[in-house]
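Participant: Sequential numbering from 313 applies to the sequence shown in the numbering used here.
For glycine and all other residues, C-beta sits at the position ideal for the given N, C-alpha and C.
Keep in mind the model is a prediction, meaning the values are calculated, not measured.
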Amino acid sequence: MEYSDGQQLLQAVEAACEQFEQTLPAGVDQYPEQFFEVIVEPSCQDDEFFDEEEYIRSRVVSTPLIAAGPCDIYASGGTPCVAAHSTTRALFQTYSGPLYEVSRTSDGVTANISTISTGGVANAAAQDLFCDRTTCLIATIFDQTGRGNHLTPALGAGSMAAADCAPVTLKLNGGDRQKAYGVFISPSSGYRNDATSGVAVGDAAEGIYAVLDGTHFNGACCFDYGNAETSAKDTGSGHMEALYFGLGTGFGTGNGSGPWLLADLESGLFTEADTGVNPANPTITDRFVTGVVKGQPGNSWAIRGGNAQSGSLSTFYSGVRPSGYNPMSKEGAIILGVGGDNSHGAQGTFYEGAMTSGFPSDEIENMVQANVVAAGYFITSLTSGPTVAVGTSVSFRATTACCTSSFISHVDSAVSIQTISPTDVNGTLLSASWNVVEGLGNSGCVSFEARDTPGSFIRHSGFQLLVNPNDGSALFATDATWCPQAGLNGEGNTIRSWSFPSHNFRHFGGNLFAASDGGPSDFDATALYNNDTTWIVGAAFA
Numbered sequence: 313m314e315y316s317d318g319q320q321l322l323q324a325v326e327a328a329c330e331q332f333e334q335t336l337p338a339g340v341d342q343y344p345e346q347f348f349e350v351i352v353e354p355s356c357q358d359d360e361f362f363d364e365e366e367y368i369r370s371r372v373v374s375t376p377l378i379a380a381g382p383c384d385i386y387a388s389g390g391t392p393c394v395a396a397h398s399t400t401r402a403l404f405q406t407y408s409g410p411l412y413e414v415s416r417t418s419d420g421v422t423a424n425i426s427t428i429s430t431g432g433v434a435n436a437a438a439q440d441l442f443c444d445r446t447t448c449l450i451a452t453i454f455d456q457t458g459r460g461n462h463l464t465p466a467l468g469a470g471s472m473a474a475a476d477c478a479p480v481t482l483k484l485n486g487g488d489r490q491k492a493y494g495v496f497i498s499p500s501s502g503y504r505n506d507a508t509s510g511v512a513v514g515d516a517a518e519g520i521y522a523v524l525d526g527t528h529f530n531g532a533c534c535f536d537y538g539n540a541e542t543s544a545k546d547t548g549s550g551h552m553e554a555l556y557f558g559l560g561t562g563f564g565t566g567n568g569s570g571p572w573l574l575a576d577l578e579s580g581l582f583t584e585a586d587t588g589v590n591p592a593n594p595t596i597t598d599r600f601v602t603g604v605v606k607g608q609p610g611n612s613w614a615i616r617g618g619n620a621q622s623g624s625l626s627t628f629y630s631g632v633r634p635s636g637y638n639p640m641s642k643e644g645a646i647i648l649g650v651g652g653d654n655s656h657g658a659q660g661t662f663y664e665g666a667m668t669s670g671f672p673s674d675e676i677e678n679m680v681q682a683n684v685v686a687a688g689y690f691i692t693s694l695t696s697g698p699t700v701a702v703g704t705s706v707s708f709r710a711t712t713a714c715c716t717s718s719f720i721s722h723v724d725s726a727v728s729i730q731t732i733s734p735t736d737v738n739g740t741l742l743s744a745s746w747n748v749v750e751g752l753g754n755s756g757c758v759s760f761e762a763r764d765t766p767g768s769f770i771r772h773s774g775f776q777l778l779v780n781p782n783d784g785s786a787l788f789a790t791d792a793t794w795c796p797q798a799g800l801n802g803e804g805n806t807i808r809s810w811s812f813p814s815h816n817f818r819h820f821g822g823n824l825f826a827a828s829d830g831g832p833s834d835f836d837a838t839a840l841y842n843n844d845t846t847w848i849v850g851a852a853f854a
């Protein structure tokens, strides 16, 4: 914006200040100086810059809080990040390095995925190009602090998360929406680093925040992010300090039926000093959630949370530690998606998070929350390729050269491929026909109901495909939810499991499995994988 005189310029500066003050989150009185500046670039006819008799041309350039990253904000409060992990964006304003590394299952080649620009969003397009017509897994999540606190698979290569199963879009600094991928943790997946630098040990102060998917969880141990044992073994109460999300019970819980943001302090999940119900800790219903856990010497800790798309953080508890947990004996490892002892039954999705040196103030955390909200996390499609529409009835024809006249069919619970002709008897045709309904476990995907057995669906159990009646459980719902993708061999669709997204519909030996490319089972064999997992989705036979 250009201004013709000094008075107009001053008025514009004052208006800009008022505008940005209106964006302050709850609990924040003002932005720190380094996050708001006005730069005047005059073009004067003489040296009298603000002489009202002279005309000047000037420009106001404003740098609001959203231009900084969460770790810049933490540093401004004297609690710098010692670990910063995100597959979606830079957590420092000046970071332009790799965010994560993907490994291609077809040939084992790896590639680093960096930001599109300094301080920006991940280059998802580079990943999509590198991973075209194959499966990619996340091999490393890089630490952006420069300390080398990178996260690698906690349980070996078999525990890597699929790289493209948690797509979102972000909108940084008022720019266009850009796609990025989170870390979708299935049971048996997870990451850790047992040899870290600068992470709190003993009773030292630290803070932890993370942005998570508030709809992806279970009750198993343990979807954690934070400080854990360096031995990957349970070494006793107080040897962990991590943010947990899920239904974990048996210790402290929040209000309602869950899920909740809790603190995993080892040998217990807590939401306050006692192990009862904390009515101030709500059941999480937001699609994106920000969680905070922090602790410091002097028998003090807190847990906070909020909607990562709007609003401020609420304090669920701030006070003394549970009995037997003061002082703490933190060991300084970092975990994501597993428990401190590598328990790996949990599921959840992680987008970004950091750990600090020192105990962040509520004010600084409120500013981090404002930054997260400003990043504009939003959902995007979980499916690709030819549309498999809810409300239609379909068939699945194999594309492998051996079997192009074969279709997915079932007899009772057993699922296989069978040669089907339109002239077959009606019962045979119905056994190869499926209703497409909204995903039982995620409405962004679909479930397939047997047309000859209403109420029964294709689900995986032990990675074998079965047709079973819906028992109403959360496990069945996730096992029976599928996300159609563009076919791996360039035709039709590949039908991806929502709960184990590196696994797809595959025919092997005539039977149907949820198979991964190069996994441990015989049906995971790499040979013909792309063809065996690609299907032509057509109209139902009956």
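1) Taking the alpha-carbon positions, what's the Leu411 to His397 distance?
2) Would you check if the distance between the CB atom of Gly478 and the CB atom of Ala666 is smaller than 9 Å?
3) So Ala423 packs on Gln405, CB below 8 Å; how close in whole Å?
4) Going by C-alpha to C-alpha distance, which of Asp455, Phe662, Phe690 and Leu625 sits closest to Gly502?
5) Taking the Cβ atom as the reference point for each residue, do Ile425 and Leu648 lie within a distance shorter than 9 Å?
6) Touch check for the stretch 474-493 and the stretch 685-703: three-plus C-beta pairs under 8 Å?
7) Would you say Pro382 and Tyr521 are within 9 Å of each other, going by their C-beta atoms?
8) Return helix, strand or coil for Thr627, following the three-state DSSP convention.
9) In this structure, what does DSSP give as the bridge partners for Gln776?
10) Output the distance between the C-alpha atoms of Ala837 and Ser612, rounded to the nearest integer angstrom.
11) Checking 9 Å against the spacing of the C-beta atoms, do Ile770 and Gly804 come in under that value?
12) Among the residues of its own chain, which have a CB less than 6 Å from the CB of Thr790, if the five just before and after it don't count?
13) What beta strand (DSSP E) runs, 3 residues minimum, are completely inside the stretch 428-460?
14) Between the alpha carbons of Ala585 and His819, how many angstroms are there, rounded?
15) For Thr446, which of Gly631, Ser814, Asp488 and Ser755 has the nearest alpha-carbon?
16) Beta-carbon within less than 7 Å of Thr704's beta-carbon, same chain only, minus the 5 sequence neighbours each way: which residues are those?
17) Residues in the same chain with beta-carbon distance under 6 Å from Glu413, minus the five sequence neighbours each way, listed in chain order, please.
18) Gly831: which of Ala436, Ser429 and Leu449 sits nearest, CA to CA?
19) Can you tell me where the alpha helix (DSSP H) with Thr790 in it begins and where it stops?
20) With Gln621 as the anchor, note down where its alpha helix (DSSP H) starts and where it stops.
21) Does DSSP classify Met667 as helix, strand or coil?
22) So, are the CB atoms of Val685 and Ala620 less than 9 Å apart?
Facilitator: The relevant details are as follows:
1) 8 Å
2) The residue you asked about is not Gly; residue 478 is Ala in the sequence shown. No, these two residues do not count as a Cβ contact at 9 Å.
3) Contact flag wrong, Cβ pair sits at about 25 Å.
4) Phe662
5) no
6) yes
7) yes
8) strand
9) Ser773 and Phe825
10) 52 Å
11) no
12) Gly753 and Ser811
13) 448-453
14) 52 Å
15) Ser814
16) Val748
17) Thr422, Asn424, Ala451 and Thr452
18) Leu449
19) Ala786 to Asp791
20) Here Gln621 belongs to no alpha helix (DSSP H), and DSSP marks it neither H nor E.
21) strand
22) yes
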